Amino acid sequence: MIDRRSATAMTTAEQTRFKATVNSLLADPTNPYGKLVAIHGDMSHNQHGMNAVGTQRFLPWHRAYLMRFEEAIQGIDPKCFVPYWDWTSTRSVPAWIRTLKPTVFIPGTGSVIVKRNASIPAKKNVTAIMAKTTFTDFTDTLENGPHGEVHMEVGVVNGVREAMARIMVSPSDPLFWLHHAQVDRLWAQWQTANPGKNPSLSGTDATLDPWTEKASQVLSTTSLGYKYS
1050 MIDRRSATAM TTAEQTRFKA TVNSLLADPT NPYGKLVAIH GDMSHNQHGM NAVGTQRFLP
1110 WHRAYLMRFE EAIQGIDPKC FVPYWDWTST RSVPAWIRTL KPTVFIPGTG SVIVKRNASI
1170 PAKKNVTAIM AKTTFTDFTD TLENGPHGEV HMEVGVVNGV REAMARIMVS PSDPLFWLHH
1230 AQVDRLWAQW QTANPGKNPS LSGTDATLDP WTEKASQVLS TTSLGYKYS
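Structure follows, in structure tokens:
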């Protein structure tokens, strides 16, 4: 069972391990990191709430996406995991990752130089979101509330939209994975409190392309082999 720990509770060795695996992906001549970013930039996957189906797919699709990234870093170091940045309790980007701002070549897009702010203006209060009683209300307010706010607050630098604030290239910033692990963690907590309340998807919409998993197959984090401590 993979234990996805808070980014602020990681040991120095764990921090070093995460950065080293990301750098290894970036240095790989086959460009696995850039290819992962390109997947997120393909809006045909309907992975964001730009329509009713995208709203339902947002959380399960990004759960599968995080798994693909975690598989990639564990292929380099099996002890590695995706940590989460709990912006409900801390405004600062974890200090150990602040200098990890790579240049990423994205197929079909070109090179992106990561720039970001080191903090968000205020802690995020998700109490009202966690109290939502339907999946649609929960995912919609989470995606368009703190999820989007953190992307913009970290990614708009001196009035310019940098990687985290640009949906097509946001995973270029390694902080993306920590941010989305927090989003996934909140969903996992909400699922525990709201059993059986799941995305409403059918037919081809239920397949989390470009992968073969269906949304129904990514509903349980423990079944997928990980948990949040």
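Just so you know, we're using the working numbering here: the sequence shown kicks off at 1050 and counts up by one.
Note that the Cβ used here is the ideal one computed from N, Cα and C, for glycine as well.
It should be emphasised that the depicted structure is a prediction, and the values quoted were computed from it without experimental measurement.
Query: Residue(s) in a DSSP beta bridge with residue 1205; Result: 1210
Query: Length of the line joining the Cα atoms of residue 1119 and residue 1208; Result: 32 angstroms
Query: Secondary structure, beta strand (DSSP E): runs of 3+ residues fully inside the stretch 1152-1189; Result: 1152-1155, 1159-1162
Query: Nearest residue (CA-CA) to residue 1174, options 1122, 1201, 1135, 1145; Result: 1135
Query: Best match in 1231, 1216, 1054 for proximity to residue 1279 [C-alpha to C-alpha]; Result: Because the chain in this structure spans residues 1050 to 1278, residue 1279 falls outside the shown range and cannot be described.
Query: 8 angstroms Cβ cutoff met for residue 1062 and residue 1227; Result: no
Query: Alpha carbon of residue 1236 to alpha carbon of residue 1183, nearest angstrom; Result: 12 angstroms
Query: Cα-Cα separation between residue 1211 and residue 1146, rounded to whole angstroms; Result: 17 angstroms
Query: Segment contact flag, the stretch 1080-1092 with the stretch 1153-1160, C-beta cutoff 8 angstroms, min 3 pairs; Result: yes
Query: For residue 1037: DSSP bridge partner residues; Result: For residue 1037 there is no data in the structure shown, the boundaries of the chain being 1050 and 1278.
Query: Residue 1112 - DSSP class collapsed to helix/strand/coil; Result: helix
Query: Element boundaries [alpha helix (DSSP H), containing residue 1051]; Result: No alpha helix (DSSP H) holds residue 1051; the beta strand (DSSP E) holding it covers 1051-1053.
Query: Residue(s) in a DSSP beta bridge with residue 1141; Result: 1168
Query: Counterpart residues of residue 1133 in DSSP-defined beta bridges; Result: 1055
Query: contact_flag[the stretch 1252-1259, the stretch 1106-1122] where n(CB pairs < 8 angstroms) is 3 or more; Result: yes
Query: Cβ-based burial, residue 1213 [other Cβ within 10 Å; buried from 16]; Result: buried
Query: Simplified DSSP assignment, three categories, for residue 1128; Result: coil
Query: Rounded Cβ spacing between residue 1194 and residue 1178 (contact assumed at less than 8 angstroms); Result: 6 angstroms
Query: Check whether residue 1202 and residue 1107 have beta carbons under 8 angstroms apart; Result: no
Query: Exposed unless 16 or more other CB atoms sit within 10 angstroms - verdict on residue 1169; Result: buried
Query: Alpha-carbon to alpha-carbon, residue 1185 and residue 1070; Result: 35 angstroms
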